[in-house]
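The structure appears below as structure tokens.
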Amino acid sequence: MKIRKLLFYVCAGLLIAAAAAFIYFYRGKIGRILSPFFISVLLAYIVKPIAEKLAARRIPMSASILIVYLIFLLVLAAACIFFIPEITTNIHELMTTLPDFITSYEKLFNGILSAIKSSKWSEDVKVLIFNQIENGTALVQRFLITLLENWLKFVVDTVKIIFDLTVAMMITYYVVKDADKFRDFTLSLLPPKWRNGLVGTGKEINRILANFIQGQLLTALIVGLMETMGLMLIKMKYPLVLGMVGGLANIIPYFGPYIGMIPALAVALTISPVKAFWAIVVFLVVQQIDNSFISPKVIEGKLGLHPVATIFAVLVGGEFFGVLGMLLAVPVMAILRVIVNKVVEAIV
Numbered sequence: 002m003k004i005r006k007l008l009f010y011v012c013a014g015l016l017i018a019a020a021a022a023f024i025y026f027y028r029g030k031i032g033r034i035l036s037p038f039f040i041s042v043l044l045a046y047i048v049k050p051i052a053e054k055l056a057a058r059r060i061p062m063s064a065s066i067l068i069v070y071l072i073f074l075l076v077l078a079a080a081c082i083f084f085i086p087e088i089t090t091n092i093h094e095l096m097t098t099l100p101d102f103i104t105s106y107e108k109l110f111n112g113i114l115s116a117i118k119s120s121k122w123s124e125d126v127k128v129l130i131f132n133q134i135e136n137g138t139a140l141v142q143r144f145l146i147t148l149l150e151n152w153l154k155f156v157v158d159t160v161k162i163i164f165d166l167t168v169a170m171m172i173t174y175y176v177v178k179d180a181d182k183f184r185d186f187t188l189s190l191l192p193p194k195w196r197n198g199l200v201g202t203g204k205e206i207n208r209i210l211a212n213f214i215q216g217q218l219l220t221a222l223i224v225g226l227m228e229t230m231g232l233m234l235i236k237m238k239y240p241l242v243l244g245m246v247g248g249l250a251n252i253i254p255y256f257g258p259y260i261g262m263i264p265a266l267a268v269a270l271t272i273s274p275v276k277a278f279w280a281i282v283v284f285l286v287v288q289q290i291d292n293s294f295i296s297p298k299v300i301e302g303k304l305g306l307h308p309v310a311t312i313f314a315v316l317v318g319g320e321f322f323g324v325l326g327m328l329l330a331v332p333v334m335a336i337l338r339v340i341v342n343k344v345v346e347a348i349v
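Heads up, the sequence shown is in my numbering, so the first residue is 2 and it goes up one at a time.
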């Protein structure tokens, strides 16, 4: 009996190791295959609540999902009609004036270098400052090159993104429509004694993902609209583009608002220091409104994470996985907390 158990554990370990090696070596292809499924998870948490409300009015679930899709398409069409021309104009103006921006920053940079050279500081201090400036310049250049490469890659992959989104909508339709069937089938594959615990864990994870995805998207929309209106009030250039960037960056907890403020501040500095001051005021006021009224009502307190744990998760996610890691760090941390708690409860 012991030999059979040992043989079982050895075979299971080898299978797990082989699966891990397969995933590692073919992670790129696996990621491309699974990308529509990841998008469908996001869509499901957006579509399902609305479809369920329609289904409560005695509309069949399949028809409810199609109605939600139709509403989204109409909203998207309206956005294209009213906002795309404005965004296109803003981007065109930004690209046209970009050389002037670069020239103005170059003059400012050269002025700073001249002031340092003509200063009475010691040569050691000057060398140290110039070395740090050189390192910072090289870092900015690498960042801009990487940004350009990623932008070109994004443009090239636009067709693939549209294809993935189309497939994800099809997957979402069946996931939302047959959610109970998927759940029952999954539970049927598991031992009966595990089912109650896994159902409870699944409900908690589902609650965390729903609160995070729905809350962050709603918060980003509200913050983006407020920042756009604020930039319009101070007569800032490209308010719609800069406001949308700020709203999207707000999805990253704690650090996102400051990341989103950088493009607006960079544009404002090319106009005047006063304009830059008012741009900072707009972003700080919107951030205070978000921290005091919006996020507490929409997100905070629903994930069960302390602010210190949230900051730690965002830093770790950003260090190892970049921007995507910063976006997903908080829900992943909250899910791991639920899993660890359930395991401890089971052991104790």
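Every residue gets a Cβ at the ideal spot worked out from N, C-alpha and C, and that includes glycine.
What is the residue span of the alpha helix (DSSP H) that residue 292 lies within? Unbroken run through residue 292: none, as it is neither H nor E.
Return helix, strand or coil for residue 239, following the three-state DSSP convention. coil
Kindly provide the ranges of any alpha helix (DSSP H) runs that are 4 or more residues long and lie completely inside the segment 184 to 258, ordered along the chain. 193 to 234 and 240 to 250
Which class does residue 46 belong to by DSSP, given the choice of helix, strand or coil? helix
How would you label residue 115, buried or exposed, when you count the other beta carbons within 10 angstroms and need 16 or more for buried? exposed
Check this for me: beta carbons of residue 239 and residue 286, under 8 Å apart or not? no
Anyone know if the C-beta pair for residue 235 and residue 250 falls short of 8 Å? no
Test: residue 79 CB closer than 8 Å to a CB of chain D: No chain D appears in the structure shown, which is made up of a single protein chain.
State the Cα-Cα distance for the pair residue 52 and residue 348, rounded to the nearest angstrom. 39 Å
So what does DSSP say about residue 271, is it helix, strand or coil? coil
Measure the Cβ-Cβ separation of residue 315 and residue 205 and say whether it is below 8 Å. no
Is there contact here, the segment 277 to 285 with the segment 217 to 232, by at least three beta-carbon pairs under 8 Å? yes
In whole angstroms, what is the alpha-carbon distance linking residue 78 and residue 69? 14 Å
Secondary structure at residue 123, three-state DSSP: helix, strand or coil? coil
What first and last residue would you give for the alpha helix (DSSP H) that runs through residue 79? 62 to 83
Is residue 57 helix, strand or coil by DSSP? coil
Straight-line CA distance for residue 45 to residue 177? 6 Å
Would you report the Cα separation of residue 135 and residue 129, rounded to the nearest angstrom? 10 Å
Sequence-distant residues of its chain with Cβ nearer than 7 Å to residue 264 (five each side left out): 243 and 246
Have a look at residue 119 and residue 277 and give me their C-alpha separation to the nearest angstrom. 28 Å
Can you tell me the Cα-Cα spacing of residue 334 and residue 32, whole angstroms? 21 Å
Compare the C-alpha of residue 170 against each of 309, 330, 310 and 39 and name the closest. 39
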